[in-house]
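Inspection log for the structure reproduced underneath, given as structure tokens.
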Amino acid sequence: MVKEVMYMFGFDPVGLKCVLCNLHDETIDHLFLHRDWSWKVWKAAMGWWEVEFCASRTINDWFLGWSSLNPLQCTARAWQILFSAVVWSLWEARNNRIFKNSKVLIHQVVDMVRFMLVWWFKHCGKWSKDQVSLMLLNVKDRCVNLPIPKKSRSAH
Ligand SMILES: [Zn+2]
1 MVKEVMYMFG FDPVGLKCVL CNLHDETIDH LFLHRDWSWK VWKAAMGWWE
51 VEFCASRTIN DWFLGWSSLN PLQCTARAWQ ILFSAVVWSL WEARNNRIFK
101 NSKVLIHQVV DMVRFMLVWW FKHCGKWSKD QVSLMLLNVK DRCVNLPIPK
151 KSRSAH
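With the UniProt record's numbering, letter number 44 in the sequence shown gets 44, and the count goes up by one each step, no holes.
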């Protein structure tokens with residue numbers, strides 16, 4: 001997709017390298033799933049729920065299989081939010097590298113995912129009355145292990 005968008009704007013995408021590792025062609029699968037540390041971000045995010053899994057071949061397959069990894073203690077909606085938060089944070093990291101020439105570290109991307117998740121739990125999920133700063137310090141106890149409101153638990 002990245003290359004397709006480049007092509008639309010008149011850039012020749014053949015041989016376009018990933019700006020973060022400068023080793024592989026930049027494809028959507030490489031960027032979001034297979035880049036040396038993209039997978040580490042996924043692992044960190046899944047780790048908050050003690051979920052472990054192997055990466056799919058493509059981000060499309062990963063998206064399609066994501067709901068089947070949904071742990072019991074997490075609502076389907078929160079699990080979807082986590083997926084979006086990881087993808088958005090990786091995309092932001094890539095763009096910061098390109099447009100601001102800023103070096104991006106794995107823990108910064110994980111922190112961004114954590115922040116987006118906490119923000120969602122606080123303002124949309126409305127599961128917690130804790131301060132955001134407390135929630136950020138301990139995602140596991142302040143977000144992940146919150147009792148799930150009965151109504152928002154979807155059947156699956
Ligand atoms: Zn790369």
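Glycine included, C-beta positions come from ideal geometry on N, C-alpha and C.
With a minimum length of 4 residues, the unbroken runs of alpha helix (DSSP H) contained wholly in the stretch 25-63 fall at 38-47. Judged by DSSP in its simplified three-state form, K17 adopts strand. Assignment of V132 by DSSP, reduced to helix, strand and coil, places it in the helix class. Annotation for R114 indicates a beta carbon at 7 Å or more from all heavy atoms of ligand 1.
The beta carbons of A44 and V104 sit no closer together than 8 Å. R35 has its CB nearer than 7 Å to a heavy atom of ligand 1. In the structure shown, the three-state DSSP call for S102 is coil.
In the three-state DSSP reduction, L72 falls in the coil class, being neither helix nor strand. In summary, L134 is exposed, with fewer than 16 beta-carbon neighbours lying within 10 Å of its beta-carbon over all protein chains present.
Within a 10 Å sphere around the beta-carbon of H30 sit 16 or more other beta-carbons, which makes this residue buried. Going by C-alpha positions, I106 is about 12 Å away from E92. A55 has its alpha-carbon roughly 23 Å from the corresponding atom of L16. Cβ atoms of P71 and V51 come within 8 Å of each other, at about 5 Å.
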